[in-house]
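Q: There's a structure below that I have some questions on.
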Amino acid sequence: MKGINNMEPTIDRFLNAQGQLTAYPAKRKMQLRALCYLAQRVEQGCVYSEKELNELLCKWHTFGDPATLRRDLYDHGMLERERDGSAYRRKEKLPTLEELEAKYL
């Protein structure tokens, strides 16, 4: 599926009518797009426990794997966390899709 400019793929085919991810894309490029989508749903300035973040992520996906999403959001520089994993927060400045693609593709 192509985006508005008919050149860039979108994650639309992975979203249901409620805007939830129904599957985690297999291709890295689409995973990065899905992570960007999810990162926007984490409230800036809010501190989440691991359980609270998992609950939030469960609201935005249907395939039952908040741990993978949480780890990937952290590993790709979209979340910060305490060393012991007791608290998470969205980074003040999220990496752009272009920055992520340059680093991970």
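Going by the working numbering, the sequence shown opens with residue 1035, and the numbers climb by one from there. Note that the Cβ used here is the ideal one computed from N, Cα and C, for glycine as well.
#1: Need the endpoints of the beta strand (DSSP E) that Leu1131 sits in, please.
#2: What runs of the alpha helix (DSSP H), each 4 residues or longer, lie entirely inside the stretch 1058-1132?
#3: Evaluate contact between the stretch 1042-1054 and the stretch 1109-1117, counting only Cβ atoms and requiring at least three cross-stretch pairs below 8 Å.
#4: Which same chain residues end up closer than 6 Å to Arg1123 when comparing Cβ atoms and leaving out the 5 residues on each side of it in sequence?
#5: Could you pull out every residue in the same chain whose Cβ sits closer than 8 Å to the Cβ of Gln1065, ignoring the five residues on either side in sequence?
#6: Could you tell me whether the Cβ atoms of Arg1104 and Leu1087 are closer together than 7 Å?
A: Working from what's here:
#1: Per DSSP, Leu1131 belongs to no beta strand (DSSP E); it is in the alpha helix (DSSP H), Leu1131 to Tyr1138.
#2: Counting only runs of 4 or more, we get 1062-1073, 1084-1093 and 1100-1109.
#3: Verdict: no, contact absent.
#4: When the five nearest sequence neighbours on each side are left out, the beta carbons in the same chain lying within less than 6 Å of the beta carbon of Arg1123 are those of Val1081 and Glu1114, in order along the chain.
#5: Within the same chain, Cβ atoms closer than 8 Å to the Cβ of Gln1065 are found at Tyr1058, Pro1059 and Asp1106, the five residues on either side in sequence being excluded.
#6: It is a contact, given that the beta carbons lie within the stated cut-off.
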